[in-house]
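Letter by letter, the sequence shown follows residues 68 to 736 of the working numbering. Down below is the structure, laid out as structure tokens.
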Amino acid sequence: MINFKQVVVCILLVVCTLNSYGQNTGKEEIDSIKTFSLGEVVVMEKLPASAGTEISSLEIKQMDITKVPEALEWIPGITLTEASSRGETMIYLRGFNQSRIPVYMDGIPVSVPFDGFIDLGRLQTASVSKIHVSKGISSLLLGGNTMGGAVNIISASPTNKLEVGIQASTLWNTSVNLGTRQDKWFLQVDAGWIHRNDFHLPSGYDAVEGLQEGSKRHHSETTDWQLNGKFGFTPREGDEYVVGYSMVRADKYVPPYLGKKSKPRFWRYKDWDKDQIYFFSGTNLGKEWRLESRLFYDRYYNLLKAYDDENYNSQESKSAFDSYYDDYSLGAGLVLGWKGIENNHLKLGANYKKDVHRSHDDDDPEAEQSEYTASLSLENTYTINDKLSLLAGIGYFRHQGATIEAYEQLESSKEYGIVNYPKSSDNDINYQLAVDYRYNLNHGLRFSFSRNSRFASLKERYSYKRGKAVPNPDLKTEHSYNLDLTYNGKWNHWQWYTSAYYMLLTNTIQEITGVDTEDPLIWQLQNKGKAHFRGFETGLSYRYRWIEAETNYSYINRVNKTDKDIKFTEVPDHKWNAMIQVSPFYDIRIQARMTAVSKTNMSSDGKITIPGYALFHTNIGKQFNGFDVKLGIKNLFDKLYYFSEGYPMEGRRYYISLAYRFTKNKSNP
């Protein structure tokens with residue numbers, strides 16, 4: 068039920084919006100954050116940002132978004148799943164989960180080696196210039212496993228002699244950005260801190276005795292630190308050499324499961340650490356050639372503590388343990404570009420990545436599992452004329468296991484020890500074709516076809532899922548055949564786009580139960596059957612002087628063609644975003660936005676679902692003398708909603724935020 072305060076807030080918003088008609092400041096806010104160009108990997112010429120593929124730092128700041136998943140939720144085709152048994156925030160893109168849509172930071176793959184994905188809830192937006200999402204086709208130069216697309220989080224780079232940015236809010240987050248660009252070098256440092264105490268549940272939630280009593284969500288506390296820094300040397304125009312370091316530190320509780328599907332776990336990630344060092348280079352080799360490189364080392368350290376009960380303070384039972392991950396990835400990527408043939412841009416790319424997973428429970432000995440992936444790709448863009456371009460690409464991808472160990476009970480013995488598993492290997496060829504037609508500056512049409520693949524992760528091949536599953540080292544490569552047709556246009560102050568897609572999946576990896584005659588609940592991942600994903604996305608935006616409005620809608624239909632009784636999970640069929648922002652007078656901005664989804668299936672038999680919901684957020688802000696102050700409300704109507712069954716999300720939250728930005732241009736004294 069909506070209370071009196073909600074009604075007052077809504078009336079004030081409507082009155083302020085109506086008063087804005089007939090008033091105008093004549094000013095438009097401009098995104099002044101420069102993109103780190105070496106962090107971009109582009110296939111053909113990118114579709115306009117208005118085509119539902121990007122979100123900028125300006126939009127992120129205007130919406131008061133502090134973490135990457137919330138920013139991605141604004142992009143059509145992306146849905147979130149959160150607060151699972153490991154307390155991770157994940158995304159789906161056009162029905163593909165995160166292991167099938169790799170996430171990159173400045174073109175460097177970021178994923179925990181064993182899992183094949185990363186908890187996006189640990190990544191802050193403090194250093195982000197924009198986030199680009201590849202749909203339909205993504206560049207083969209990125210490397211492997213881009214089965215359903217790719218997400219690239221691109222960092223900021225300074226443009227002025229001095230740039231200072233500071234932000235803080237009562238949402239318990241703070242960020243600092245410092246940057247300088249000189250004649251032949253630049254430096255960028257970004258830091259962020261976010262803390263959340265046990266959050267308040269919506270007023271409509273019913274307590275669960277012993278696990279969830281009162282309005283606070285027990286053991287939902289998290290603390291995140293992030294630091295990013297890079298130094299660049301620019302000896303001449305077009306040449307750039309960059310070294311950088313990024314750090315993430317987190318301590319997160321996993322709140323207990325409150326549903327009826329399984330027993331609750333009482334977990335805490337006491338340490339969730341990530342460290343990365345990298346080197347980028349871009350060198351023009353004459354007028355026709357250009358060489359770009361990426362080298363990186365990425366380390367992940369996790370300490371998971373499993374407790375006895377809802378008090379999270381003892382570890383005496385058989386279900387209690389300490390689990391340690393000490394993983395790392397290292398890799399390199401090279402791209403050689405050539406423009407020696409008129410109207411052609413040819414790129415040859417090579418990638419190598421080694422993943423090492425080292426783990427143990429309590430005082431058990433450490434077991435190691437490692438593998439490498441490598442690829443060699445060729446892409447060419449042929450510009451036929453001002454209106455028509457063609458892209459063709461082909462790539463060879465290789466996966467090879469190196470060391471596969473597990474600590475388990477020895478065969479025909481009661482003793483435990485290190486066991487070596489067979490090493491898996493596979494290879495595949497991906498290819499793609501795209502046609503880009505620009506009728507004029509206002510209208511464009513793109514058709515693309517691609518064959519993509521994904522190698523199974525270490526976890527999928529070798530994990531026992533703590534006694535619930537049987538490993539399958541022989542999992543084969545998944546494939547998808549993707550068709551996409553996208554139209555984008557603009558007229559006057561309007562912009563719009565529509566995309567339709569169809570994807571056929573083969574060798575689909577699925578959970579198969581009944582593989583153990585002694586326990587019918589034991590399951591195994593196997594390559595079973597075919598499936599198709601099909602849907603469309605559309606968006607419309609309007610920007611003129613004091614008013615901005617934008618909306619987008621996504622629809623998806625996923626069907627298991629081998630067995631239609633097996634349902635796909637965790638992605639709603641319908642999703643709708645909408646936003647309006649007005650600047651009626653005195654540089655005051657009023658923004659309201661909404662995200663709505665239909666009900667979501669959460670079990671393969673279709674018996675467990677979570678209800679659909681509509682979330683509303685609003686803020687009012689003013690800029691003056693480099694300052695930006697805002698008052699806002701998250702979850703305006705205190706809606707009870709879920710991203711995952713059994714894990715209710717946060718209720719209404721009021722906040723105040725303050726930001727300051729100072730720049731000194733090179734031309735200034």
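Yeah, the Cβ is synthetic: ideal placement off N, Cα and C, and Gly gets one too. Computed from a predicted model, the values in this text were never measured in an experiment.
Checklist entry - Looking at C-alpha atoms only, which residue of Leu125, Lys197, Asp306 and Gly211 is the closest neighbour of histidine 546? => result In the sequence shown, the residue the question calls residue 546 occupies position 479. When Leu125, Lys197, Asp306 and Gly211 are compared, the shortest CA-CA separation from histidine 546 is found for Gly211.
For tyrosine 488, name the three-state secondary structure that DSSP assigns. Start at 1 with the first residue of the sequence shown, and residue 488 comes out as number 421. In the three-state reduction of the DSSP assignment, tyrosine 488 falls in the coil class, being assigned neither a helical nor a strand state.
Is it right to say tyrosine 324 is buried, meaning 16 or more other beta carbons lie within 10 angstroms of its own, or is it exposed?
Residue numbering aside, residue 324 sits at position 257 when the sequence shown is read from its first letter. With a threshold of 16 other beta carbon atoms within 10 Å, tyrosine 324 meets it and is buried.
- Item | the stretch 208-228 in contact with the stretch 156-176 per 3-pair CB rule at 8 Å | In short, these stretches touch, since the Cβ pair count reaches three.
* Asked: Are the beta-carbon atoms belonging to threonine 213 and asparagine 519 less than 7 Å from one another?
  -> Translated into positions along the sequence shown, residue 213 becomes position 146. Translated into positions along the sequence shown, residue 519 becomes position 452. With contacts defined as CB atoms closer than 7 Å, threonine 213 and asparagine 519 qualify as a contacting pair.
* Return the CA-CA distance between threonine 618 and isoleucine 451, expressed in angstroms with no decimal places. => Looking up residue 618 in the sequence shown gives position 551. Looking up residue 451 in the sequence shown gives position 384. For threonine 618 and isoleucine 451, the distance between alpha carbons rounds to 34 Å.
* At which residue ranges does the stretch 397-477 contain complete beta strand (DSSP E) runs of 3 or more residues, listed in the order of the chain? -> Listed in chain order, they are 411-428, 434-450 and 455-476.
DSSP three-state assignment for isoleucine 723, whether helix, strand or coil: If you number the sequence shown from 1, residue 723 lands on position 656. It is a strand residue.
Query raised in the report: To which residues of the same chain is tyrosine 722 closer than 6 Å at the C-beta, ignoring the five residues directly before and after it?
Result: Here residue 722 corresponds to residue number 655 of the sequence shown, with the count starting at 1. For tyrosine 722, where only same-chain residues beyond five positions count, the Cβ hits under 6 Å are Ser236, Thr237, Leu238 and Gly699.
Practice item. Kindly list the residues whose CB is nearer than 6 Å to the CB of arginine 610, restricted to its own chain and excluding five residues on each side of it in sequence; keep chain order. Key: Working through the sequence shown from its first residue, we reach residue 610 at position 543. In the same chain as arginine 610, and ignoring 5 residues on each side of it, the C-beta atoms closer than 6 Å to its own belong to His560, in chain order.
Checklist entry - Looking at the structure shown, is glutamate 527 part of a helix, part of a strand, or coil, going by DSSP? => result Within the sequence shown, the letter at position 460 stands for residue 527. DSSP places glutamate 527 in helix when its eight states are reduced to three.
By a C-beta neighbour count over all protein chains shown, 10 Å radius and 16 as the cutoff for buried, is leucine 477 buried or exposed? Here residue 477 is taken as the residue at index 410 of the sequence shown, counted from 1. So leucine 477 counts as exposed.
Residue from Gly556, Gln562, Ser348 and Lys543 with nearest C-alpha to glutamine 593
For this step, residue 593 is matched to residue 526 along the sequence shown. The candidate whose alpha carbon is nearest that of glutamine 593 is Lys543.
Margin query: Could you check whether lysine 706 and tyrosine 727 sit closer than 7 Å to each other, using their CB atoms as the reference points?
Written below: Position 660 of the sequence shown holds residue 727. Position 639 of the sequence shown holds residue 706. Going by C-beta atoms, tyrosine 727 is not nearer than 7 Å to lysine 706.
query = According to DSSP, what are the bridge partners of arginine 625?
reply = Start at 1 with the first residue of the sequence shown, and residue 625 comes out as number 558. Arginine 625 is bridged to Phe600.
Nearest-angstrom Cβ-Cβ length linking glutamine 191 and glycine 259, presumed shorter than 8 Å:
Within the sequence shown, residue 191 is the residue found at index 124, counting from 1. Within the sequence shown, residue 259 is the residue found at index 192, counting from 1. Going by Cβ atoms, the distance from glutamine 191 to glycine 259 rounds to 4 Å, so yes, they are a contact pair.
### Query
Which residues bound the beta strand (DSSP E) around valine 571?
Counting from 1 along the sequence shown, the entry for residue 571 is found at position 504. Here residue 571 turns out to be leucine, not valine, going by the sequence shown. Counting along the chain, leucine 571 sits inside the beta strand (DSSP E) bounded by residues 561-573.
Span of the beta strand (DSSP E) holding lysine 341? Counting from one through the sequence shown, the residue named residue 341 turns up at place 274. 334-352 is the extent of the beta strand (DSSP E) around lysine 341.
Using three-state DSSP, classify glutamate 121 as helix, strand or coil.
The count along the sequence shown starts at 1 and reaches residue 121 at position 54. When DSSP states are grouped into helix, strand and coil, glutamate 121 belongs to the strand group.
If you follow the alpha helix (DSSP H) that valine 170 is part of, which residue opens it and which one closes it? Along the sequence shown, one-based indexing puts residue 170 at 103. Not the alpha helix (DSSP H): valine 170 falls in the beta strand (DSSP E), residues 170-172.
Exposure label - histidine 510; buried when at least 16 CB within 10 Å: What you label residue 510 is simply residue 443 of the sequence shown in a count that begins at 1. It counts as exposed.
### Query
To which residues of the same chain is phenylalanine 103 closer than 7 Å at the C-beta, ignoring the five residues directly before and after it?
Position 36 of the sequence shown, counted from the first residue, corresponds to residue 103. Cβ neighbours of phenylalanine 103 within its own chain (closer than 7 Å, five residues either side excluded): Asp173, Ser196, Ile221, Ser222, Ala223 and Ser224.
Worksheet item: From threonine 662 to leucine 187, what does the alpha carbon distance come to, in whole angstroms?
Response: Counting from one through the sequence shown, the residue named residue 662 turns up at place 595. Counting from one through the sequence shown, the residue named residue 187 turns up at place 120. C-alpha separation (whole angstroms): 19 Å.
### Exposed unless 16 or more other CB atoms sit within 10 angstroms - verdict on glutamine 249
Taking the first residue of the sequence shown as position 1, residue 249 is located at position 182. By the neighbour-count rule (16 or more Cβ atoms within 10 Å), glutamine 249 is not buried but exposed.
query = Cα separation between tyrosine 620 and tryptophan 643?
reply = Here residue 620 refers to the residue found at position 553 when the sequence shown is read from its first residue. Here residue 643 refers to the residue found at position 576 when the sequence shown is read from its first residue. Spanning the two alpha carbons is a distance of roughly 4 Å.
Original post:
Relative to the C-alpha of glycine 311, which residue among Tyr345, Pro331 and Arg720 is closest?
Top reply: Walking along the sequence shown from the start, residue 311 turns up at place 244. Selected option, being the one with the closest Cα: Tyr345.
Q.
Beta-carbon within less than 7 Å of phenylalanine 522's beta-carbon, same chain only, minus the 5 sequence neighbours each way: which residues are those?
A. For the purposes of this step, residue 522 is taken as residue 455 along the sequence shown, with counting starting at 1. Closer than 7 Å at Cβ, skipping near neighbours: Gly211, Asn212, Thr440, His466, Asp493 and Thr544.
Own chain, CB closer than 8 Å to leucine 607, minus 5 neighbours either side, in chain order: The sequence position of residue 607 within the sequence shown is 540, counting from 1. Same-chain partners within the cutoff: Trp561, Gln562, Trp563, Glu617, Thr618 and Asn619.
query: Which residues in the same chain have their Cβ closer than 7 Å to the Cβ of lysine 328, if we skip the five residues on either side of it in sequence?
result: Residue 328 sits at position 261 when you count from the first residue of the sequence shown. Ile675, Glu712 and Gly713.
Please identify the residue among Gly281, Asp431, Glu137 and Leu370 whose C-alpha is closest to the C-alpha of glutamate 482. Locating residue 482 in the sequence shown gives position 415, counting from the first residue. Taking glutamate 482 as reference, the option from Gly281, Asp431, Glu137 and Leu370 with the minimal CA-CA separation is Asp431.
| message | Tell me the residue span of the beta strand (DSSP E) that contains glutamate 307. | response | For the purposes of this step, residue 307 is taken as residue 240 along the sequence shown, with counting starting at 1. Taken as a continuous stretch (DSSP letters only), the beta strand (DSSP E) holding glutamate 307 covers 307-321.
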